[in-house]
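Colleague: Using the working numbering, the letters of the sequence shown map in sequence onto residues 2 to 301. What follows is a single structure, and I will ask about it in a moment.
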Amino acid sequence: MHIGFIGLGIMGKPMAKNLLKAGFEVTAYNRSEGPRREFAEAGGRLAGSPAEAARAADVVITMVTDSPDVEEVCLGPRGIIEGARPGTIVVDMSTISPEVTRRIGARLAERGIHMLDAPVSGGDTGAIAGTLSIMVGGDVADLERVRPVLAAMGKRIVHCGPLGAGQTVKLCNQIAVTLTNLAVCEALVFAQKSGVDPARMIEALSAGAAGSWQLSNLGPKMLRRDFAPGFKVRLQRKDLRLALESAQHMAAALPGLALVSQLFAAVEAAGCGEEGTQALVKALEQLNGVRVESATPVAV
Numbered sequence: 002m003h004i005g006f007i008g009l010g011i012m013g014k015p016m017a018k019n020l021l022k023a024g025f026e027v028t029a030y031n032r033s034e035g036p037r038r039e040f041a042e043a044g045g046r047l048a049g050s051p052a053e054a055a056r057a058a059d060v061v062i063t064m065v066t067d068s069p070d071v072e073e074v075c076l077g078p079r080g081i082i083e084g085a086r087p088g089t090i091v092v093d094m095s096t097i098s099p100e101v102t103r104r105i106g107a108r109l110a111e112r113g114i115h116m117l118d119a120p121v122s123g124g125d126t127g128a129i130a131g132t133l134s135i136m137v138g139g140d141v142a143d144l145e146r147v148r149p150v151l152a153a154m155g156k157r158i159v160h161c162g163p164l165g166a167g168q169t170v171k172l173c174n175q176i177a178v179t180l181t182n183l184a185v186c187e188a189l190v191f192a193q194k195s196g197v198d199p200a201r202m203i204e205a206l207s208a209g210a211a212g213s214w215q216l217s218n219l220g221p222k223m224l225r226r227d228f229a230p231g232f233k234v235r236l237q238r239k240d241l242r243l244a245l246e247s248a249q250h251m252a253a254a255l256p257g258l259a260l261v262s263q264l265f266a267a268v269e270a271a272g273c274g275e276e277g278t279q280a281l282v283k284a285l286e287q288l289n290g291v292r293v294e295s296a297t298p299v300a301v
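If you want it as structure tokens, here you go:
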């Protein structure tokens, strides 16, 4: 298969590189020049527009920021819809609105272009390692056609339902992830204020019922004051906005989601929108007048 790839950001660039490593021919489009050069040096081809990237592709993958960005690269001027042939499968791996996903899919279908929504979980480390969890919505037959492509980027591929279901499950993921992150932050603040070394707290909890990816991976970063982004606060806020919008549409009461969204808003308002989501601890530190840190190595 020939792959078109749109978006070489923190996640998209390593995902596209893994496709190259798996032996696929990949033509990528990205607005900024730095990632374009790096991808070309890795052996990829470059396109001047999404339409050009789609022109010779069997599968076109999009990995961009938000719903309007996916609409633009799929349906806008020089977009995928202008270059893709009937029978091409567009796989949107961004995290966007389920409603917008279905709307884009309907427009593409008018041209005979198929669509899957396949958002991912695993952060930049999973993207680099090719171990992402991929949540897929759309036709099962389309999924089976692109499964070898997805398998080059992820280790767990789950069909969640019709088009839009992948995005819905990804928003479930973001709800669970952010509330777990908040729980880790609160536990760290509690340990720090109690006079217990929070590194020892993480070590003790990580192998028990309170263990989580956030505790083992983000907790030690918080203690080292390492706020480099694996996934940015700004993007996390976008995902929580999408979840809140869908919850409001369904009249679903999710008080924890509303709370953690407000705390992330406080972190971004403090100028930390480009930091990693572990910066959520700063909101709890501000509320409690404490600084969470430890020089003790964490064994998890």
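The beta carbon of each residue, even a glycine, is placed where N, CA and C say it ideally should be. From a predicted model like this one, the values you see are computed outputs, not experimental measurements.
Leaving aside the five residues before and after LEU258 along the sequence, list all residues of the same chain whose C-beta is less than 8 Å from its C-beta, in chain order.
Modeller: Hits under 8 Å: ILE176, THR179, LEU180, LEU241, ALA244, LEU245, ALA248.
Colleague: Going by DSSP in three states, LEU117 sits in which element: helix, strand or coil?
Modeller: In this structure, LEU117 counts as strand in the three-state DSSP scheme.
Colleague: Should the segment 61–73 be called in touch with the segment 90–107, which here means at least 3 C-beta pairs below 8 Å?
Modeller: These segments touch.
Colleague: Between LEU21 and the rest of its own chain, which residues show a CB-CB distance below 7 Å, the 5 nearest in sequence each way excluded?
Modeller: Cβ neighbours of LEU21 beyond the five flanking positions: VAL27, ALA43, GLY44, GLY45.
Colleague: Would HIS3 pass as a contact of ASP93 if the rule is Cβ separation under 8 Å?
Modeller: Their beta carbons are not under 8 Å apart, which means HIS3 does not touch ASP93 by this criterion.
Colleague: In terms of residues, what are the limits of the alpha helix (DSSP H) holding VAL268?
Modeller: Run containing VAL268: 256–268, per the alpha helix (DSSP H) assignment.
Colleague: Given that a residue counts as buried once 16 or more other Cβ atoms are within 10 Å of its Cβ, and exposed if not, what is ARG148?
Modeller: Exposed, by the Cβ-count rule.
Colleague: Taking just the CA atoms, how far does VAL291 sit from GLU73?
Modeller: In a straight line, the C-alpha of GLU73 is about 44 Å away from that of VAL291.
Colleague: Tell me the DSSP bridge mates of ALA29?
Modeller: ALA29 is bridged to PHE6, LEU47.
Colleague: Just to confirm, is the Cβ distance from LEU224 to VAL293 under 8 Å?
Modeller: Yes, the Cβ-Cβ distance between LEU224 and VAL293 is below 8 Å.
Colleague: For VAL92 and chain B, any beta-carbon pair shorter than 8 Å?
Modeller: No chain B is part of this structure, which consists of one protein chain only.
Colleague: Taking only the alpha-carbon atoms, compute the straight-line gap between ILE90 and ARG201 and give it to the nearest angstrom.
Modeller: One C-alpha to the other measures close to 49 Å.
Colleague: Excluding five sequence neighbours on each side, which residues of the same chain lie with their C-beta closer than 7 Å to the C-beta of SER50?
Modeller: TYR30, ARG79, listed in sequence order.
Colleague: Just to confirm, are GLY155 and PHE228 a CB contact at a threshold of 8 Å?
Modeller: No, the Cβ-Cβ distance between GLY155 and PHE228 is not below 8 Å.
Colleague: Around the Cβ of GLU53, are there at least 16 other Cβ atoms within 10 angstroms (buried) or fewer (exposed)?
Modeller: It is buried - the Cβ of GLU53 has at least 16 other Cβ atoms within 10 Å.
Colleague: Does DSSP put LEU164 in a helix, in a strand, or in coil?
Modeller: Coil, per DSSP.
Colleague: Return helix, strand or coil for SER217, following the three-state DSSP convention.
Modeller: It is helical.
Colleague: Return the first residue and the last residue of the alpha helix (DSSP H) that GLY13 is part of.
Modeller: Counting along the chain, the alpha helix (DSSP H) containing GLY13 begins and ends at 13–22.
Colleague: Using only alpha-carbon positions, find the residue among ILE82, PRO120, PRO256, ARG226 that is nearest to LYS171.
Modeller: Among ILE82, PRO120, PRO256, ARG226, the Cα nearest to that of LYS171 belongs to PRO120.
Colleague: Taking the beta carbon of CYS75 as the centre, do at least 16 other beta carbons fall within 10 Å, making it buried, or is it exposed?
Modeller: Under this definition CYS75 is a buried residue.
Colleague: Near ASN218, what residues of its chain come up, given a Cβ to Cβ distance below 6 Å and the 5 sequence neighbours on each side ignored?
Modeller: Cβ within range, chain order: n/a, list empty.
Colleague: Which term fits CYS273, buried or exposed, when burial requires 16 or more other beta carbons within 10 angstroms of its beta carbon?
Modeller: When all chains shown are included, CYS273 counts as buried.
Colleague: Determine the DSSP secondary structure at VAL60, reduced to helix, strand or coil.
Modeller: Strand, per DSSP.
Colleague: Inspect the beta-carbon positions of LEU285 and CYS161 and report whether they are closer than 8 Å.
Modeller: No, the Cβ-Cβ distance between LEU285 and CYS161 is not below 8 Å.
Colleague: What span of residues does the alpha helix (DSSP H) with GLY209 cover, start to end?
Modeller: Run containing GLY209: none; DSSP gives neither H nor E here.
Colleague: Please report the straight-line C-alpha distance between GLY106 and ILE114, rounded to a whole angstrom.
Modeller: Roughly 8 Å between the two C-alpha positions.
Colleague: The beta strand (DSSP E) that contains SER134, what's its start and end?
Modeller: That run of the beta strand (DSSP E) goes 133–138.
Colleague: Buried or exposed for VAL197, going by 16 or more other Cβ atoms inside 10 Å?
Modeller: Under this definition VAL197 is an exposed residue.
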